[in-house]
Amino acid sequence: MSDDIDSIFQRAKRGKALFLDRKALSPEYIPDHLPFREQQISAVAEVLAPALHMSKPSNLLLYGKTGTGKTAVSRYVLSKLMAEEPSLNIFTPYVNARIAGTEYLTLWEIASSLGLTIPKTGLAIAEVIKQIFSVIQSQSLNVILALDEIDYLIHSYGDNILYQFTRAGERTATGFLSIVGISNDLKFKEVLDPRVLSSLGEEELVFPPYTVEELRAILAERAAVAFKQGVVPQSTVNLCAALAGSEHGDARRAVDLLRIAGEVAEREGFQRVDDACIRKASEKVEYDRVEEALRSLPLQNKIILLTISKFQQGTNTGEVYTGYATLAKRIGAEILTQRRVSGILAELDLLGLVEAAVVSKGRRGRTKRIRLLIPTDTLEKIISEDPSITAAA
Ligand code: ADP
Ligand code: MG
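Number 370 in the working numbering belongs to position 71 of the sequence shown; there are no gaps in the numbering.
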């Protein structure tokens with residue numbers, strides 16, 4: 300912490316020599332070679348190819364867990380398509396619904412990418428969609444829209460805009476709009492209106508998780524672009540792949556780990572990115588994940604977590620409820636029913652913040668053994684940021 304400024308700068312100067320191209324590890328970077336996705340690349344290309352003779356490609360739905368290469372593959376194929384025939388009036392806007400934030404802002408980005416100027420608030424959704432289709436028709440635009448993380452949109456707003464989009468798509472006389480919808484959530488199809496699903500999912504493609512061996516090869520290739528020779532030994536790549544592959548084969552996590560480990564090595568003034576740097580990076584990624592999950596929890600969920608944290612040896616559903624009700628009352632929060640609290644416990648379990656294992660009590664039925672899975676001090680740190688709790692707890 301209290302390193303003097305000279306030694307910080309000295310180390311930084313030495314460490315800087317580790318990277319060759321730091322950007323190659325940034326989340327926006329699209330590599331020009333995507334191993335293990337040849338099949339998906341050809342399949343997407345097949346579906347979109349009709350655009351090159353001015354026919355409307357089928358809509359396409361890509362889904363798979365995070366870090367399975369969906370964004371990289373779709374951006375890669377779209378950029379190749381654009382390079383193929385620059386004269387064809389083909390537009391391939393890319394909009395990420397989660398980053399855009401709301402239904403309206405997603406539409407705003409789509410409209411802007413087609414050269415429309417619409418206000419950032421105020422118009423009705425249907426009106427914006429109408430304007431998008433009228434510019435497509437009047438200028439005979441051939442549009443392939445990549446709509447990334449649409450699951451976010453559906454969960455927060457329902458499938459209204461997808462419904463309107465896919466319907467309006469049937470009505471253009473000249474020009475077309477095809478949608479490449481991308482979802483990180485495999486189950487999101489279940490909540491779509493069947494009409495939206497049959498239109499959006501004319502073609503579907505699943506992206507399976509990468510195996511640890513695949514992650515290893517992907518990382519080795521990326522490390523060769525991002526770092527100077529000899530900076531990242533094979534053993535480091537192997538450990539990084541093993542850690543990222545332990546949950547599901549998530550290439551994003553693997554690349555993030557490598558980037559953070561490189562930054563750790565740089566700060567420490569190391570000449571190489573070693574196993575210890577990867578482990579430090581892994582702790583940081585895990586810590587950030589927990590912090591982010593905690594911060595975004597509703598008040599009631601925080602109260603329940605705080606209650607569980609008071610039982611160091613673990614506890615059960617009944618005790619949690621009694622403790623919760625007392626604390627909620629002290630804070631002046633609404634006291635939820637036992638049923639709702641059980642529901643929240645299941646959510647916290649899914650998030651990996653608590654473990655709620657069913658245990659039998661013999662003839663007296665079953666209960667849940669509940670245990671906090673995160674460090675109490677992390678929890679307390681985040682909770683202390685929430686003024687409504689700290690005043691009372
Ligand atoms: P998703 O959109 O499925 O969450 P991304 O396409 O964003 O995943 O991929 C996550 C990260 O992993 C990105 O940095 C991407 O460049 C990289 N990546 C994914 N698949 C591959 C691959 N086959 N080869 C090289 N890098 C890949
Ligand atoms: Mg993505």
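All residues carry an ideal CB built from backbone N, CA and C; glycine is no exception.
Cβ-Cβ distance between I669 and A655 below 9 Å:
yes
Considering Cα atoms alone, identify which of Q612, L542 and L605 is closest to G622. L605
Report task. Enumerate in chain order the residues of its own chain whose CB-to-CB distance from E513 is below 6 Å, with the five nearest sequence positions on each side excluded. Result -> Closer than 6 Å at the Cβ level, and outside the excluded window around E513, lie F335.
Report task. Return the first residue and the last residue of the beta strand (DSSP E) that I667 is part of. Result -> This sequence places Lys at residue 667; Ile is not what is there. Its beta strand (DSSP E) spans residues R665 to L671.
Quick check on the contact list: which residues have their beta carbon closer than 6 Å to a heavy atom of the ligand MG?
K369, T370 and D447
Output the boundary residues of the beta strand (DSSP E) element that contains A445. A445: member of the beta strand (DSSP E) spanning N441 to D447, first to last residue.
Would you mind sorting T614 into buried or exposed? The rule is 16 or more other CB atoms within 10 Å of its CB. buried
Return helix, strand or coil for I630, following the three-state DSSP convention.
-> In the structure shown, I630 falls within a helical segment according to DSSP collapsed to helix, strand and coil.
Leaving out five residues before and five after L415 in sequence, what residues of the same chain have Cβ atoms less than 8 Å from its Cβ? Closer than 8 Å at the Cβ level, and outside the excluded window around L415, lie Q430, I431 and V434.
**Prompt:** E654 lies in the beta strand (DSSP E); which residues open and close that run?
**Reply:** V653 to S659
Taking C-beta to C-beta, are L643 and I688 nearer than 9 Å?
-> Strictly speaking, residue 643 in this sequence is Ile, with Leu absent from that position. In this structure, I688 does not lie closer than 9 Å to I643 by Cβ.
Can you find a heavy atom of the ligand ADP that lies under 8 Å from the Cβ of H547? no
Flag this pair as yes or no: are the beta carbons of R515 and V536 separated by less than 9 Å? yes
Proximity winner among L422, E546, L596 and R571, relative to S581 (alpha-carbon distances) | Put simply, of L422, E546, L596 and R571 the residue whose alpha carbon is nearest the alpha carbon of S581 is E546.
- Message: By the DSSP assignment, the alpha helix (DSSP H) with L650 in it spans what residues?
- Response: Segment: none, L650 is in no alpha helix (DSSP H) and carries neither H nor E.
For this session: May I ask you to verify whether the region 550-560 touches the region 518-525, counting CB pairs closer than 8 Å and requiring at least 3?
Result: yes
task = Starting from the Cα of I603, find the closest Cα among G617, Y328, V640 and I577 and give me that residue.
result = Ranked by how close their Cα comes to the Cα of I603, the residues G617, Y328, V640 and I577 have V640 in first place.
With H, G and I counted as helix, E and B as strand and the rest as coil, what does DSSP make of Y362?
strand
**Asked** How should L359 be labelled, buried or exposed, when 16 other C-beta atoms within 10 angstroms of its C-beta is the threshold for buried?
**Response** Looking at its Cβ environment, which holds 16 or more other Cβ atoms inside 10 Å, L359 is buried.
Practice prompt. Pull up the distance between the alpha-carbon of V495 and that of K419, whole angstroms please.
Written response: 26 Å
If you draw a straight line from the alpha carbon of D320 to that of F526, how long is it in whole angstroms?
-> 7 Å
* Asked: Any heavy atom of the ligand ADP closer than 8 Å to the CB of E562?
  -> When distances are taken from the beta-carbon of E562 to the heavy atoms of the ligand ADP, even the shortest one reaches 8 Å or more.
**Item:** N388, buried or exposed, once every other Cβ within 10 Å from all chains shown has been counted against 16
**Value:** exposed
Following the continuous alpha helix (DSSP H) through I340, name the residue where it begins and the one where it ends.
E337 to L347
In the DSSP assignment, what are the bridge partners of V505?
-> By DSSP's assignment, V505 forms a beta bridge with Y362.
With DSSP as the reference, label G480 as helix, strand or coil. Of the three classes helix, strand and coil, the one that applies to G480 here is strand, per DSSP.
From the DSSP output, in three-state form, read off F610 for me. coil
Just grab the DSSP bridge partners of N395 for me.
D447
Q: Output the distance between the C-alpha atoms of R566 and I307, rounded to the nearest integer angstrom.
A: 8 Å
**OP:** For the alpha helix (DSSP H) containing Y328, list its first residue and its last residue.
**Re:** No alpha helix (DSSP H) holds Y328; DSSP gives it neither H nor E.
Under three-state DSSP, which class holds N459? helix
Practice item. Starting from the C-beta of I460, find all residues in its chain whose C-beta is less than 8 Å away, skip the five residues before and the five after it, and write them out in chain order. Key: E402, T405, L406, I424, I428 and L452
**OP:** Report back the beta-carbon spacing between L347 and E383 to the nearest angstrom; my notes put them in contact at under 8 Å.
**Re:** So it is not a contact: roughly 10 Å between Cβ atoms.
Self-check item: Beta-carbon separation (whole angstroms), A522 vs V531, contact threshold 8 Å
Solution: 4 Å
**Request:** Express the C-alpha separation of T616 and L649 in angstroms, rounding to a whole number.
**Result:** Those two C-alpha atoms are separated by around 16 Å.
**Request:** With a threshold of 16 other CB atoms inside 10 Å of the CB of I304, please say whether the residue is buried or exposed.
**Result:** exposed
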